[in-house]
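Quick note on the working numbering: the sequence shown kicks off at 505 and runs consecutively. Data block below; observations after.
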Amino acid sequence: MSGLFDDLRDLYQEVILDHGRRPRNFRRLDDADATARGDNPMCGDRIELFLRRAPDGAIAEAAFQGRGCAISTASASLMTEVVKGKAPEQARALGAAFRELAMTGACPDCDAALADEMERLTPLSGVHEFPSRVKCATLAWHTLNAALDGTKEASSE
Ligand code: ZN
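As structure tokens, then:
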């Protein structure tokens, strides 16, 4: 009865641990044109997000720094990878879809155009079983919205 689902769970865990230990795009962007700080006081996760936009407004580069649990770090790492090249509205739509994934474990109504990106974020879907960790997973996305809005501060409330 186990098999596939256990294997998937192990694979997801491996992705989270890998990105948690060796986060991608973990640096300051000196030429950032939008930044925001995110704070999840429930867990102590803090991130600072840097974006550099292309002339058409698309996210040319995303990077972050900070300190947090493996889930918040892995989520920020994966986010910086999947939002690269996205227009702001695409990035926001992806964030909304990811929040549904994190809270419910699925996103049945997600835009098919986001399927590839959602698949990359699926390893984090398991957090829906641990409500206190959902904010760890969504912190980076709240912070992304704050950076795009120019509000500079985000709290994972
Ligand atoms: Zn956390």
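All residues carry an ideal CB built from backbone N, CA and C; glycine is no exception. Note that the structure is predicted; figures quoted are calculated from it, not measured.
Notebook entry, point to check: Shortest alpha-carbon distance to K656 belongs to which of P635, D511 and L555?
Noted result: Residue mapping note: residue 656 aligns to position 152 of the sequence shown, counting from 1. Selected option, being the one with the closest Cα: L555.
Checklist line | Whole-angstrom distance between D535 and R557, CA atom to CA atom | finding: Counting from 1 along the sequence shown, the entry for residue 557 is found at position 53. Counting from 1 along the sequence shown, the entry for residue 535 is found at position 31. Approximately 10 Å between the Cα atoms of the pair.
Margin query: Relative to the C-alpha of R447, which candidate in G609, I575, I563 and D549 has its C-alpha closest?
Written below: With the chain represented from 505 up to 661, any question about residue 447 goes unanswered, as that position is not in the structure.
Item checked: Contact belief for L643 with S576 at Cβ below 8 Å, rounded distance in angstroms -> Position 139 of the sequence shown, counting from 1, holds the residue named residue 643. Position 72 of the sequence shown, counting from 1, holds the residue named residue 576. At roughly 5 Å, the Cβ-Cβ gap stays under 8 Å, so L643 and S576 are in contact.
Next item on the list: Output yes or no for whether 8 Å exceeds the beta carbon distance between A540 and A619.
Entry: Translated into the one-based positions of the sequence shown, residue 540 becomes position 36. Translated into the one-based positions of the sequence shown, residue 619 becomes position 115. No, the pair does not count as a contact, with Cβ atoms beyond the cut-off.
Item checked: Where R571 falls: helix, strand or coil (DSSP) -> Working through the sequence shown from its first residue, we reach residue 571 at position 67. Here R571 sits in strand by DSSP.
Checklist line | Contact set, ligand 1 heavy atom to C-beta under 5 Å | finding: C547, D549, C573, S576 and C640
Margin query: Tell me the rounded alpha-carbon separation between L605 and C611.
Written below: Position 101 of the sequence shown holds residue 605. Position 107 of the sequence shown holds residue 611. So the two alpha carbons sit approximately 5 Å from each other.
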